[in-house]
Structures are given as structure tokens and as C-alpha cells.
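Okay, so the sequence shown: first residue is 43 according to the numbering used here, each after it adds one.
No residue lacks a Cβ here, since even glycine has one placed at the ideal position from N, Cα and C.
Here the structure is laid out as C-alpha cells; the discussion comes afterwards.
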Amino acid sequence: MLYGDIMAIRALTGLTTEDVEDGDIATIMQLANRIVLNTVQVRVNKETSTPLTDDNTVFQTKHYPIADKDGDGEVTANDITVEALSPTRGFSMWRELTISELNPPYGLIRLSTPPTNGERVFITYAYIPPGVGTEDLDDLVNLMASHLLTLRLQNPDTVAITDLGANELVVKKTDTKFLDVYKLKLSTVMSVSAMRSVNL
């Protein structure tokens, strides 16, 4: 699912449909989703896993829920790589296994065919840290999208004469209030998440 809400972004920024269309905000929200998820998600590379079923086709990640690693709004097989390592050393000792079914909230993965005898299974995926809730992700996306929209609608930094008497040139800086609040919220969310992880 994509996080964030167009109406919340409009409320934050004060932008109307005359300023920017919903479609443009939705595009910015997709970018904001990728930025937020790439920052918040924990990526796991080649985690070892053992089968949960007698037919050796069901495996479970150590951390879950599995996250939307590619940021397209849905957790699919594209967000996970399951590989088998052959006990025989050689150029082609790694091979990718095909996923037939997913249960992202519980980290469950069903393979189309089981690994062969002696092959070890490794899973590469991402997960949202414990304690980071949907509301937190919505808030972060809304703030990042608001910042990106503000950047898009403002002129770049401009040089303006503000003191004609002294003839001093002053650079008018781009407004970063949404980015500042985003950083504060991100810091709070991640520190709370770290504390909850320690207590688990």
C-alpha cells in the first residue's frame, strides 16, 4: 500500500486544486513513499532459512511484516529474492527459486518447487522495524511530499536587494519547514522503534 494522504498534504501546505492537481500530488507521493521506505526499512541480505513444511516449500523470514522494498505500493515477489546454494562448489552454485505465494504480515513464503537435497535456502528482503506504525509512515510521507511540493512550486534560491541604503545583496533561502519537521518525526520514530526492539 502507498502511504500518505492527498487531503492531509493539502491541509499541511495550504495548496488548493488551483495550485496543484491531485494527480500531481499523487506522483509526488509515490516519490515520497520511496524516500521514506528506503530510509525506514531494514534490509536483510541472504538470511538463512529452514523449511516449515514436510514438502520443503514453505519458509519464514526471521523478521516480519515483509516490506514493500521497491516502493510500488504492494508487497510482491519482486520485493523478495529466495536463493538456493548448492553444496557443490562451482560457477553456478547459486540459483534463484520461484515464489508462488506470499503472506507478508507473517513473513511466509511458498516456493513453486522445493530446493533439491543438500541445497541451503537464503532470503533477501526488507522489513519495517517493530514499533513503526502505519500512522507514522503516513505522517512521514505527508511531510516529505509537502516538502517536495514546496520545492517544486517555489522559485530556486534568488538574490534580492533587501537594503537599498547599504546596497547589500541577500540570498532568499528555500523554505525547509516541512523537511525540518520530517527529520524530527523520523528521529522520534526510529528512536522509539530502537527502544521497542531492545525490549522485545
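For I51, the enclosing alpha helix (DSSP H) begins and ends at 48-55. Under the DSSP definition of a beta bridge, R162 partners with L127.
Taking the Cα of V163 as reference, the smallest distance to any Cα among L79, R131, P93, A109 is reached at P93. Rounded to the nearest whole angstrom, the C-alpha separation of P146 and K88 is 17 Å.
In this structure, the straight-line span from the alpha carbon of M186 to that of H105 is close to 27 Å. Here the C-alpha atom of Y148 lies approximately 8 Å from the C-alpha atom of T103. Annotation: D97 to T155 spans about 9 Å, alpha carbon to alpha carbon. Closest option to T158, judged by alpha-carbon separation, among A68, V78, P129, G56: P129. If you draw a straight line from the Cα of D47 to the Cα of S188, it comes to about 11 Å.
Considering only I165, L144, P107, the residue with the shortest C-alpha distance to T118 is L144. For T69, the enclosing alpha helix (DSSP H) starts and ends at 64-82. C-alpha of L195 to C-alpha of N75: approximately 20 Å in a straight line. Beta-bridge partners assigned by DSSP to L139: V124. A buried status is given to K111, since no fewer than 16 other beta-carbon atoms sit within 10 Å of its beta-carbon.
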